[in-house]
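The opening residue of the sequence shown carries number 151 in my numbering; numbering runs sequentially from there. Each residue gets a CB set at the ideal place from its N, CA and C atoms; glycine is no exception.
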Amino acid sequence: MNKASLPPSTGRSHDDGRGLDVEMIRGSDVPDLSARDFGRSAGDSAPLESAAALGSIHAGVDSTDKRGGTGAGPALADRQAPATEADAATVDVAERLFAAPSGAPHSNRPGTTPVDGGDRAVDAPADGPESMNPTGAFAQNRSEDGTGEAPQEVSGERRASSSILDEAGSADGPSAGQVHGDQAPMQTVVGAPAPSAGAGDGAGEGTAGPDPAEAQEPVEPAGPPTVEVAYTEAVSGTDGRDHLVGGDGNDDMSGGGGNDYLYGGDGNDMLSGGDGNDYLHGGDGADELRGGAGNDRLMIDALDTIVDGGDGNDRVDVQGSDGVALDLAASSIETAVGNAGNDTFDASGASGRVDLHGYAGDDALTGGGGNDYLYGGDGNDMLSGGGGNDYLHGGDGADALRGGAGNDRLMIDALDTIVDGGDGNDRVDVQGSDGVALDLAASSIETAVGNAGNDTFDASGASGRVDLHGYAGDDALTGGGGNDYLYGGDGNDMLSGGDGNDYLHGGDGADELRGGAGNDRLMIDALDTVVDGGDGSDRVDVQGSDGVALDLAASSIETAVGNAGNDTFDASGASGRVDLHGYAGDDALTGGGGNDYLYGGDGSDRLVGGDGNDYLHGGDGADEMRGGGGADRLYGGDGDDTLSYASDTVGVAVDLGSGLASGGDAEGDRFDGFENVTGGTGHDVLTGDAGNNVLHGGSGNDVLAGGGGNDTMAGGQGSDALSGGAGDDVLQFSADGAWANGYAAMNMDDSADRHNIGGMNRSFDRFDGGDGHDTLQMTDGNDALFLDDGLSPAPDAIAARLTSVESIDAGGGNDVVDLTSATYTYGDVRISGGDGDDVLWGNVGDDTLHGDAGSDRLSGGNGNDSLDGGAGNDHLHGGAGDDVFHGGAGSDTMLGGAGDDLFVWGDSSFDDPGAAWTDTVAGGADFDTLDLCGVSQGWTLHIDGGPTFAGTDAARAYEDFDGATGTIEFDDGSSLSFQEIERVQW
């Protein structure tokens, strides 16, 4: 070892943890280093001019280091004396690790070890050309007696410039400088240690050195000292994270412990990662790569002779364009990634999972016993999954995919030439937009999933279950002998279930669904064109909110389930049992000849059981249910529901109160929750309950009894008897025929009181309102109603048509309501003529007659009546009693008759602006009054032979007990003439 003399120094020494005592030099500057070239071969030497103690870690030393090239660095104010003799030393050049102070600019570089405040010697790696430029020498530091053996160091750089050791430190302890390899990695070698004060682990104090200002000037050496370099190719890393880079030769690198980076470079290199998760790159040459323990990554090429991942989960990445053949089990590799060549990755001997990526090239990938992932990438690849549940993706090209044993998933496209799932439950997924045609039985596939193209999946040869998904495109899906699942997705698809209990869903589009043999379930919508359940007990479920019309017998369907739309399910042609569920919407459900189940659900549904002992449930809404033949069970559910026997021809007896029915189609029926009942064409007896019922007899001579509640009853065709019972009931007039001839007449000798009723509607019904305020409601046609028509054959002519009805609504048309009778009296009644020219005649009660629109003829008869002509030119006759007249708009004639009558005008009498009228009033016997209090326009009263009054006169009334005659002229041009009036008031 070279020895030199150094001037005295002040400092302390510190053990660096590797047996090196490093001298701390305080207060001195170190000269820069100059660069010289020398070869890499062992035994080469290089001249050194100046010395800086690079092997030491300095505190308080300022230095700017040369970044490469030749020539000396700038002179510093203070220097230590260099060696004065040209001694030589021999050192080994090796490739070492990266290090940087924690937080330094490159401390986060991969492969860099952070160094904080320690006095370890830092060895830097080298990669690049096979030449070195020495940028360092050795420093000769004297001990206290002036002699010593100094640590020696040679640093070299390759390629571009790079920073080297940062020699700034702290006074309290050593610190490592930054060494990195972004642009020019450094190479550092440390020689033998020199004895110094405080050698070993302890720190020793030396004698004080000279003040920096008194440091001696450099002494030029007699000749440049040289260092003889012996380069070795074998490199061993530390237990830390090492960065080892070889050169052009045949390198031997061992990473040791830690997560290491090893790069062989040129030559036939041997790389061993050792423990840790290592990265090994052989570079060019026939290399041997051994990962060792840990999860390693090996970058290999076709020339490499040994690839061994070792323990852990290891990966190889192929470099270059030449294909590689690799046995993953023999190489202890779990993941293999190919490149541009035709790679062969064989993991058939592996028991665990492997991941194989071929990428470019025509690759052959073979999995093992685990659940493997195989991706072919570009090229015409061959993929074999082997045992386990494997994932195979051919990528682009005409690929051959074989799943092998296990439940495999194969990603295929239209170019692939072989698809074979092998044993297990296997699946294919179509990639791309081109359609694929696949025979699932021949391909040993159990699940097929299409894509955007028109795919054809044929499983007709399969005996087990298959799952077929068309998704986008017009797909053709055919099941086999198992219980299959077929989903068409978008497009106009054709689905055939085949044998087995299959599930078919057309998805969107105009689809064709054929269940085939077995008990199938078909999900349909309003766009589907063919629905055929085939053999077995099949079911359809409606999708979407549009209603579907379905003939169950023609479609071989036994169960139909609706949705939100108004569905029509007709099973009238079916002989066996059907189950029909309407759910939401106003549905029409019709059973067949079996014992059927019908459920309406929400909405106002119509349920018809047909023959058989059926079960009908209306659900929510105002439902109508008809059990048909058989002993049926009917439940109305919520809402205003109707029990109908409209199709019965024999006659039924139905009691809503008891829930019992008999006769015809009603025989044996039990029901609950109904508010209304409809009879058929026979002679029906319909009885309501305590609620508000609607009873409709239909044709036939029916008997309708409302019971309690406010009921509505219509007899329909035939001679019906309607009895409202308690409550405010509505009894409807049914047009059972037309009057052939005849008249309604109060006085046959007076044509004004005689009305031809020929051609008008007549009813053979009898109406009994019962308790409460009841109404007879006539039609909107020309109806004629008589209390005692006298024209009907016996016994009808001797019975009153109307009893206990308090109100009559004649409806539209020119109607006749004649309550006069030589036989019967009738009490108080309110009659409304409605639109048309009506004839309304009361009886002996205090009647209220409203002509409404049209030119009407009203007669109150006996009693204190109220007559209102309404619009039109009306004729009002009070008859006996104290009557009140309202002529209304139009030119009306009002006859008071006997009694103290009151004739009233108001602003409503002038409701037709610009249409002046002329009314005529004859008060008749007793004290009659004209009332103008409600008229706001001006008028003038002229009493014949008497005074004239204006509407503004303060008199407010005129009386003449003998009965006055006169006229009243209104400002709008209307007028009123009167006679036999005892009082005019305004």
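Helix, strand or coil: which one does DSSP assign to residue i?
{"i": "L937", "result": "coil"}
{"i": "F1128", "result": "strand"}
{"i": "E173", "result": "Confidence at E173 is low in this model, with a pLDDT of 31, below 50, so the placement of that residue should be treated as unreliable; the coordinate-derived value is given next. Looking at E173 - three-state DSSP - the assignment turns out to be strand."}
{"i": "L453", "result": "coil"}
{"i": "F1077", "result": "coil"}
{"i": "S982", "result": "strand"}
{"i": "G814", "result": "helix"}
{"i": "A703", "result": "helix"}
{"i": "D685", "result": "coil"}
{"i": "D903", "result": "helix"}
{"i": "I595", "result": "coil"}
{"i": "A587", "result": "strand"}
{"i": "F607", "result": "strand"}
{"i": "G218", "result": "For G218, the predicted structure reports a pLDDT of 32, less than 50, and the residue's modelled location is therefore unreliable. A value from the coordinates is still provided. Looking at G218 - three-state DSSP - the assignment turns out to be coil, as it is neither helix nor strand."}
{"i": "T388", "result": "coil"}
{"i": "F1035", "result": "strand"}
{"i": "E708", "result": "coil"}
Using alpha carbons as the reference points, say which of the options lies closest to residue i.
{"i": "D643", "options": "G809, A626, D839", "result": "A626"}
{"i": "W1089", "options": "W1136, D782, T1115", "result": "W1136"}
{"i": "R1007", "options": "D996, N1014, G986, G995", "result": "G986"}
{"i": "G887", "options": "G874, S873, S869, R904", "result": "S869"}
{"i": "L439", "options": "N427, G423, N445, E1119", "result": "G423"}
{"i": "A960", "options": "A816, G984, E708", "result": "G984"}
{"i": "D1057", "options": "D1069, A1072, A1039, V1071", "result": "A1039"}
{"i": "S725", "options": "D717, G712, I707", "result": "I707"}
{"i": "G623", "options": "A514, Y637, A1075, A602", "result": "A602"}
{"i": "Y653", "options": "V487, L793, L618", "result": "L618"}
{"i": "M532", "options": "Y523, R552, D540, G518", "result": "R552"}
{"i": "V584", "options": "S471, S610, G620", "result": "Note that residue 584 is Asp in the sequence shown, not Val. Per the Cα distances, G620."}
{"i": "D815", "options": "D563, V758, T1070", "result": "V758"}
{"i": "G1074", "options": "D1061, S1041, H1027", "result": "H1027"}
{"i": "D1033", "options": "G1010, D1121, G666", "result": "G1010"}
{"i": "H833", "options": "N993, H846, G665", "result": "H846"}
{"i": "E1130", "options": "T1117, V681, D696, G1113", "result": "G1113"}
{"i": "G406", "options": "G441, G399, G414", "result": "G441"}
If I measure Cβ to Cβ from residue i and keep anything under 6 Å in the same chain, skipping five residues before and after, which residues do I get?
{"i": "A772", "result": "S754, G789, D790"}
{"i": "F1077", "result": "D1050, E1132"}
{"i": "G807", "result": "D839"}
{"i": "L1082", "result": "W1055, W1136"}
{"i": "R671", "result": "Y653, R689"}
So if DSSP puts residue i in a beta bridge, which residue, or which two residues, is it bridged to?
{"i": "Q882", "result": "A864, Q927"}
{"i": "E1109", "result": "R1133"}
{"i": "T1090", "result": "A1100, E1119"}
{"i": "G1084", "result": "G1056"}
{"i": "E774", "result": "R756, T792"}
{"i": "Y637", "result": "H619, H655"}
{"i": "W991", "result": "D968, S1009"}
Short of 8 Å in beta carbon distance, which residues of its chain neighbour residue i, apart from the five on each side in sequence? Order them along the chain.
{"i": "R615", "result": "E596, G632, N633, D634, Y635, G650"}
{"i": "A796", "result": "R776, T828, G829, G830, G848"}
Going by beta carbon distance, what residues of the same chain come within less than 7 Å of residue i, once the five residues before and after it are set aside?
{"i": "D819", "result": "G777, A781, D782, L784, A811"}
{"i": "N669", "result": "N651, G686, S687, D688"}
{"i": "D434", "result": "D416"}
{"i": "S1041", "result": "N1023, W1067, T1068, D1069"}
{"i": "S482", "result": "D458, G459, G460, D464"}
Assuming the contact rule is C-beta atoms closer than 8 Å, residue i and residue j should be a hit. Round their C-beta distance to whole Å, please.
{"i": "L926", "j": "F917", "result": "5 Å"}
{"i": "G829", "j": "G850", "result": "7 Å"}
{"i": "S534", "j": "G571", "result": "With 8 Å as the limit, S534 and G571 do not qualify as a contact, their Cβ atoms being about 12 Å apart."}
{"i": "G518", "j": "G544", "result": "Actually they do not touch by this definition, with Cβ atoms about 19 Å apart."}
{"i": "M449", "j": "D467", "result": "5 Å"}
{"i": "G743", "j": "D729", "result": "Contact flag wrong, Cβ pair sits at about 14 Å."}
{"i": "G137", "j": "A598", "result": "Limits of the chain in this structure are 151 at one end and 1136 at the other, which puts residue 137 out of reach."}
Is any heavy atom in the ligand MN found nearer than 8 Å to the beta carbon of residue i?
{"i": "T606", "result": "Absence of the ligand MN from the depicted structure is noted, as is the absence of any ligand whatsoever, leaving it without description."}
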